[in-house]
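So for the sequence shown, UniProt numbering puts the first residue at 1; every next one is plus one.
Backbone N, C-alpha and C define an ideal beta-carbon position, used for all residues, glycine too.
Comments concern the structure below.
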Amino acid sequence: MPEKSYTVWMVDDDIDDVFLAKSAAKQLESRVDLVSLYSGKELLEAIEATQSSELPDLVLLDLNMPGISGQEVLARRYQSSGKLTLVPFVVLSTSDSGAEVVNCYESGASGYVVKPSEFTDFVVVLSRIFDFWLLTNTSTRRAHQSASND
1 MPEKSYTVWM
11 VDDDIDDVFL
21 AKSAAKQLES
31 RVDLVSLYSG
41 KELLEAIEAT
51 QSSELPDLVL
61 LDLNMPGISG
71 QEVLARRYQS
81 SGKLTLVPFV
91 VLSTSDSGAE
101 VVNCYESGAS
111 GYVVKPSEFT
121 DFVVVLSRIF
131 DFWLLTNTST
141 RRAHQSASND
């Protein structure tokens, strides 16, 4: 049986951070297809254009983006025809503000991780995110898929 591959959408306007994440994912030799989206607007458009069965297994979301911020994306998450309620959203931000962390969780973030500044630390953090959210955690989305196959 072939190993399952996973799709992760990374929403970040910082091209350097996206490049680092893609490089880190390659170093992990993971079965993760990391798709880059560069704005909250682009994410919301992708959601509407994507069938529910083709949505990502995980969304990594930056907060500080021009236009539609990550915080606004979280607020709209449950308004997007319900498609994203089963997809975990992990905020990946440079901010470690306690108020911002609380605000994100109150808005429906599944997790909040502060981006490390060093590449080697970034690889470790990304590995832990992938291990937990893609391999260890049984998401409601996977549970629904499994139930429909029973």
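{"Asked": "Contact set for VAL101: own chain, Cβ-Cβ below 7 Å, skip 5 residues either direction", "Found": "TYR112"}
{"Asked": "Rounded separation between LEU61 and SER5 - CA only", "Found": "20 Å"}
{"Asked": "Cβ contact (3+ pairs, closer than 8 Å) linking the segment 7-20 and the segment 31-42", "Found": "yes"}
{"Asked": "Proximity to SER23 [Cα-Cα], best of VAL124, MET65, SER39, LEU84", "Found": "VAL124"}
{"Asked": "Nearest candidate by alpha-carbon position, reference LEU44, set ASP16, TYR78, LEU20", "Found": "TYR78"}
{"Asked": "Alpha carbon of ASP131 to alpha carbon of ALA75, nearest angstrom", "Found": "26 Å"}
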